[in-house]
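Peer 1: This is the structure I have questions about; it appears just below.
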Amino acid sequence: MAQIRKLPPVAPRLREAQPAEVAPLWVSTIAALIAGILYAILPEPLTLGPSWLPLVLELVIILPGTAAALLGHPFSARTNRILAFCLLGITTAALVIGVVLLVTTLPARHEGRDAISLLRTGALLWIANVLVFGLWYWEIDGSGPHKRAAIGHQATDFLFPQQADGNTRNWTPHFLDYLFLGFTGATALSPADTFPLSRRAKSLMMAEALIAMVILTILIGRAINIV
Numbered sequence: 007m008a009q010i011r012k013l014p015p016v017a018p019r020l021r022e023a024q025p026a027e028v029a030p031l032w033v034s035t036i037a038a039l040i041a042g043i044l045y046a047i048l049p050e051p052l053t054l055g056p057s058w059l060p061l062v063l064e065l066v067i068i069l070p071g072t073a074a075a076l077l078g079h080p081f082s083a084r085t086n087r088i089l090a091f092c093l094l095g096i097t098t099a100a101l102v103i104g105v106v107l108l109v110t111t112l113p114a115r116h117e118g119r120d121a122i123s124l125l126r127t128g129a130l131l132w133i134a135n136v137l138v139f140g141l142w143y144w145e146i147d148g149s150g151p152h153k154r155a156a157i158g159h160q161a162t163d164f165l166f167p168q169q170a171d172g173n174t175r176n177w178t179p180h181f182l183d184y185l186f187l188g189f190t191g192a193t194a195l196s197p198a199d200t201f202p203l204s205r206r207a208k209s210l211m212m213a214e215a216l217i218a219m220v221i222l223t224i225l226i227g228r229a230i231n232i233v
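Laid out in structure tokens, this is it:
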């Protein structure tokens, strides 16, 4: 009687066929709140209206979504994306206003205590610049974090090293990857290991580098007494 050979078990589907892990959204929410806090502690001459206003507006946007998620009725991805752009609008406006007022109030500053205040203010605005544009990169790349987690997502706005092979492992970037991109853009004034692909990504990186260059030029100029 012929023996029946057992077939080997069917191999599981490849790893890349599995959905990518969705990056935690609370990390970017905290970054937006930190940007609002940085604006709130800026000196009064560098704020337009109450310095706490951007932070309060951020809380008004964030708290309803947080409460809905805790109650088991989270907002849709589309609603969250709209709210995210509202947050970005607030934080970006606060950053631009702070930098413009830093430049326009510079002639009225003097050495000594004003110089120390200038260094502190420049550092706060530089950190806010990194956070704000890290949030922009996080939100625009691949139409947002939820879309990036889809199966087979390819590089669209930014090309990370892990995507250079066509993203065969279905890797998806988290907020820290975009924060690092914002940090290198504000430090080196150019991309490091991640490259912009779309026009909107290139435009944002140019805007970040320009803001960082203005801040650093003012600080360095004051340090060597040529401003």
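Heads up, the sequence shown is in my numbering, so the first residue is 7 and it goes up one at a time.
Every residue gets a Cβ at the ideal spot worked out from N, C-alpha and C, and that includes glycine.
1. Would you kindly work out how many angstroms separate the C-alpha atoms of Phe164 and Gly148, rounded to a whole number?
2. Identify the residues that DSSP records as bridge partners of Leu165: which are they?
3. Closer than 8 angstroms by C-beta to Thr74: which residues in its own chain qualify, once you throw out the five before and the five after it? Chain order, please.
4. Does DSSP put Phe91 in a helix, a strand or coil?
5. Short of 6 angstroms in beta carbon distance, which residues of its chain neighbour Val28, apart from the five on each side in sequence? Order them along the chain.
6. If Leu48 sits next to Thr111, beta carbons under 8 angstroms apart, how far is it from one beta carbon to the other, in whole angstroms?
7. Please report the distance separating the alpha-carbon of Asn86 from that of Gly78.
8. How about Ala218 and Ala192: do their beta carbons lie closer than 7 angstroms?
9. Note the first and the last residue of the continuous alpha helix (DSSP H) segment covering Phe189.
10. Could you give the C-beta distance for Leu234 and Leu182, rounded to a whole number, given that I count them as a contact under 8 angstroms?
11. Can you have a look at Arg21 and say buried or exposed, based on whether 16 or more other CB atoms are within 10 angstroms of its CB?
12. Would you mind sorting Ile221 into buried or exposed? The rule is 16 or more other CB atoms within 10 Å of its CB.
13. Take Leu94 as the anchor and find which of Leu185, Glu64, Ser204 has the nearest alpha-carbon.
14. CA-CA distance, Thr98 and Leu125?
15. Can you tell me the Cβ-Cβ gap for Pro151 and Ile96, rounded? I've got them flagged as a contact below 8 angstroms.
Peer 2: The relevant details are as follows:
1. The alpha-carbon atoms of Phe164 and Gly148 are separated by roughly 8 angstroms.
2. Answer by DSSP bridge pairing, in chain order: Phe201.
3. Looking at the sequence provided, one finds Ala at residue 74 rather than Thr. For Ala74, where only same-chain residues beyond five positions count, the Cβ hits under 8 angstroms are Pro80, Phe81.
4. In this structure, DSSP gives Phe91 a helical state, which the three-state scheme calls helix.
5. In this prediction, Val28 has a pLDDT of 48, which is less than 50 and means its spatial position is unreliable; nothing more can be read from the coordinates.
6. About 11 angstroms separates the beta carbons of Leu48 and Thr111, which is beyond the 8 angstroms limit, so they are not a contact pair.
7. For Asn86 and Gly78, the distance between alpha carbons rounds to 15 angstroms.
8. Yes, the Cβ-Cβ distance between Ala218 and Ala192 is below 7 angstroms.
9. First-last of the alpha helix (DSSP H) with Phe189: 181–193.
10. This structure does not reach residue 234, given that the chain is present from 7 up to 233, and the question cannot be answered.
11. Because the pLDDT at Arg21 is just 41, under 50, the model does not fix this residue reliably, and the value given afterwards should be weighed accordingly. Classification for Arg21: exposed.
12. Buried, by the Cβ-count rule.
13. For Leu94, the nearest C-alpha among the options comes from Glu64.
14. Each residue's Cα considered, the two are about 21 angstroms apart.
15. Pro151 to Ile96, Cβ: 19 angstroms. No contact.
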